[in-house]
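Accompanying notes for the structure given below.
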Amino acid sequence: MKLKWLWAALLYGAYGFAYFYVMLPPLNWHAPQFWQFLFFTVAPLLVVVIIYAFAKEGSARLSRLHKHMHVVQVEERTGNWKQAGKISTIVLACMILFPLGSALVTSRFFNAKDHAQRIDVKNVDFSEIPEVDFTKTPIIDRDSSVRLGDKVMGNMSELVSQFDVSDEYTQISYRNSVYRVTPLTYNGIIKYFQNREEGIPAYITVDSTSGKTELVKLKDLGLKGMKYVPSGMFNDNLMRHLRFSYPTEIFGSPSFEIDEDGHPWYICSTYTYKGVGTRKKVTGAIFLDPITGESKKYDAGDIPKWADRVYPEATVVEELDDNGSLQDGFLNSVFGQNGVTLTSEGYNYLEKDGDIWLYSGITSANSDESNLGFVLVNLRTHEAMKIKTAGANETSAMKSAQSEVKNYGYESTFPLLINVKGNPVYLMSLKDNGIIKMYATVSAIDYQKVATVNSDEGLNELLKETIALLGASSDDVVNKDSLEEAIITVSDIEKLMLDGTTIYYLRDENGAVYKITFSAKYENELVFLTVGKQLKITYMDQEGIKQIRSLQAADGNEGS
4 MKLKWLWAAL
14 LYGAYGFAYF
24 YVMLPPLNWH
34 APQFWQFLFF
44 TVAPLLVVVI
54 IYAFAKEGSA
64 RLSRLHKHMH
74 VVQVEERTGN
84 WKQAGKISTI
94 VLACMILFPL
104 GSALVTSRFF
114 NAKDHAQRID
124 VKNVDFSEIP
134 EVDFTKTPII
144 DRDSSVRLGD
154 KVMGNMSELV
164 SQFDVSDEYT
174 QISYRNSVYR
184 VTPLTYNGII
194 KYFQNREEGI
204 PAYITVDSTS
214 GKTELVKLKD
224 LGLKGMKYVP
234 SGMFNDNLMR
244 HLRFSYPTEI
254 FGSPSFEIDE
264 DGHPWYICST
274 YTYKGVGTRK
284 KVTGAIFLDP
294 ITGESKKYDA
304 GDIPKWADRV
314 YPEATVVEEL
324 DDNGSLQDGF
334 LNSVFGQNGV
344 TLTSEGYNYL
354 EKDGDIWLYS
364 GITSANSDES
374 NLGFVLVNLR
384 THEAMKIKTA
394 GANETSAMKS
404 AQSEVKNYGY
414 ESTFPLLINV
424 KGNPVYLMSL
434 KDNGIIKMYA
444 TVSAIDYQKV
454 ATVNSDEGLN
464 ELLKETIALL
474 GASSDDVVNK
484 DSLEEAIITV
494 SDIEKLMLDG
504 TTIYYLRDEN
514 GAVYKITFSA
524 KYENELVFLT
534 VGKQLKITYM
544 DQEGIKQIRS
554 LQAADGNEGS
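Here the sequence shown is numbered in my numbering, starting from 4 and rising by one per residue.
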């Protein structure tokens, strides 16, 4: 009998360990996952004890009814099981009621002010946003980065059959610019066993300003492969390695980053809650070296300067929404909604002082087409700034930019707020089937002011158009001396299709080569352009090829 109970205990212990090994719950009463762990491991045992106690009590009643022998011994054993059943019932009830009651008592309904104060938002002037610097402005969005990463990976025949590209693409500040970085991952369990000894050999960087993409092999940096990664299995799995190193910590999703030397790291934010699962708060981060498995925990105020993402975007947006909606209590946030503000339907990133800041608009709860201002949050330090500048919201700006090129059907990316000569301006890309075709700016004050350029013309050309659109002084606008005018006779025409965009190369009677990208503005001139046609142009000489900035027939008006 004892051996039977021993085997039962061993099997039950194995079940509990297997659940912990697979689900990796934190051994911390603040975490909902901890109570789920108890519910699926301890609760079944308690239920069995309760059922067995009821069965024993029923057996004792039958014994008394039929005056069985040894009734005293039976009732003594029944009393023991009855006591165990009562205790099990109390413990089971506490396991269910305590987390529910704690979550209710500490909820937004009873603690609106507490939730509203999770983030300290300071009101500042728009001048806090530095003048736009396109060497640090992330115009290449995440979807475009994914395309670029897949493309460079497809050219690596020795890797593409063994590894996939992670869809992480973390936005970071790196080497005085902005990049997205993402690691390779194991391509299934068989490829994991084939490559686990050497680990993940590379990661991908995408320059968010130029689109330059590079697959960085760790051996070229003098480093070994990454062993402890999210796609690893068993004890090589990143989260399992962290859980066994920090059994009581509440983790967020790990973020892949690289330091200034290109060394890869996983940064895993740590949390606590008030009560069980309410008022989530970042307490710090664990920095794990995926090559060696070594890790170090930092408190929230001591995060290394090179790191960028300690406060996850979803947590920050939740904090901002609570801050804007719960200042006057929970009921007001639902019913009266006096003074209630929320973040926009999306967010983007800004680089400022070497850190990545989350940007989003602030709008009223009535969801009209205007913003009350903008908010910036440092994803490393949690510093938050609000800029009260009323104007169009991001959705209106996106529609306005799309309307400028509606004949092409381009779609706008979620805009980024930039400072152009002290003016708040939305910057966005216009895409066709995921490929960037044009760049656009829209005044955040007057969304009818829109400037667009073809992507090959570059952001500096867009900046000049934007400054002119905003009515800046002549000193701020384009340096006209850099442009030249000419009347040319076309002697040769070549067209090149690049990612769905038509680029015209023209040669004049003197053999000079000119380049212009097809756009609606010059559609009439370019569609019917023939050899021998005379054109009046302005152009800029760029390394031997003259980039045409404006174009019209020599005897007609400029295209529009």
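For glycine and all other residues, C-beta sits at the position ideal for the given N, C-alpha and C.
Unbroken alpha helix (DSSP H) run spanning Val149, endpoints = Looking at the DSSP string, the run of the alpha helix (DSSP H) that includes Val149 is Arg145 to Gly157.
Start and end residues, beta strand (DSSP E) containing Arg312 | For Arg312, there is no enclosing beta strand (DSSP E), as DSSP gives it neither H nor E.
Is Thr251 helix, strand or coil by DSSP?
-> DSSP places Thr251 in coil when its eight states are reduced to three.
Could you work out which residue in Val408, Asn83, Ile548 and Tyr413 is closest to Lys58 when comparing CA atoms only?
-> According to the sequence as given, residue 58 is Ala; it is not Lys. Of the listed residues, the one whose Cα sits closest to Ala58 is Asn83.
Identify every residue that forms a DSSP beta bridge with Val428.
-> DSSP lists Ile421 and Ser446 as partners of Val428.
With burial defined as no fewer than 16 other Cβ atoms inside 10 Å of the residue's Cβ, what is the status of Val378: buried or exposed?
-> Val378 should be labelled buried.
For Lys283 versus Tyr269, is the C-beta distance shorter than 8 Å?
-> No, the Cβ-Cβ distance between Lys283 and Tyr269 is not below 8 Å.
Hey, out of Ala11, Met500, Leu382 and Ser367, whose CA is closest to Thr520's CA?
-> Among Ala11, Met500, Leu382 and Ser367, the Cα nearest to that of Thr520 is on Met500.
Write down the C-beta distance between Val163 and Gly152 rounded to the nearest angstrom, noting that I regard them as a contact closer than 8 Å.
-> So it is not a contact: roughly 12 Å between Cβ atoms.
Using the Cα positions of Gly327 and Gly342, report the straight-line distance between them to the nearest angstrom.
-> Between Gly327 and Gly342, the C-alpha separation is close to 8 Å.
Is it true that the CB of Gln174 sits closer than 8 Å to the CB of Pro141?
-> Contact flag set, yes.
Exposure label - Phe531; buried when at least 16 CB within 10 Å = That one is exposed.
How would you call Asn369, buried or exposed, if buried means at least 16 neighbouring beta carbons within 10 angstroms?
-> Exposed: under 16 other Cβ atoms inside 10 Å.
Given 8 Å as the limit, is there contact between the stretch 242-255 and the stretch 284-299, that is, 3 or more CB pairs closer than that?
-> Yes, the stretch 242-255 touches the stretch 284-299.
Counting Cβ pairs closer than 8 Å, one from the stretch 191-210 and one from the stretch 154-162, do we hit at least three?
-> The stretch 191-210 vs the stretch 154-162: in contact.
Who pairs with Thr287 in a beta bridge, going by DSSP?
-> The sequence shown places Gly at residue 287, rather than the Thr named in the question. Answer is Thr273 and Asp302, bridged to Gly287.
Locate the beta strand (DSSP E) running through Gly364, then write down its first and last residues.
-> Looking at the DSSP string, the run of the beta strand (DSSP E) that includes Gly364 is Asp358 to Ser367.
Between the beta-carbon of Val583 and the beta-carbon of Gly278, is there less than 8 Å?
-> Outside the displayed range of the chain (4 to 563) lies residue 583, so it cannot be described from this structure.
Do you know whose CA, among Gly255, Ile306 and Asp239, lies nearest Glu316's CA?
-> In this structure, Gly255 is the residue among Gly255, Ile306 and Asp239 with its C-alpha nearest to the C-alpha of Glu316.
Glu414 (DSSP reduced to helix, strand or coil) | Here Glu414 sits in strand by DSSP.
Going straight from the alpha carbon of Val480 to that of Leu466, what length do you get?
-> Reliability of the predicted coordinates at Val480 is poor, the pLDDT of 40 falling under 50, and the value obtained from them is presented with this limitation in mind. So the two alpha carbons sit approximately 9 Å from each other.
Can the beta-carbon of Gly265 be found less than 8 Å from the beta-carbon of Val219?
-> Val219 is positioned such that its CB atom lies closer than 8 Å to that of Gly265.
Cβ pair Thr469, Thr505 closer than 8 Å | No.
Pull up the distance between the alpha-carbon of Thr392 and that of Ile448, whole angstroms please.
-> Straight-line Cα distance between these residues: approximately 8 Å.
Reduced DSSP category for Ser105 - H, G, I as helix; E, B as strand; rest coil | The DSSP-derived three-state label of Ser105 is helix.
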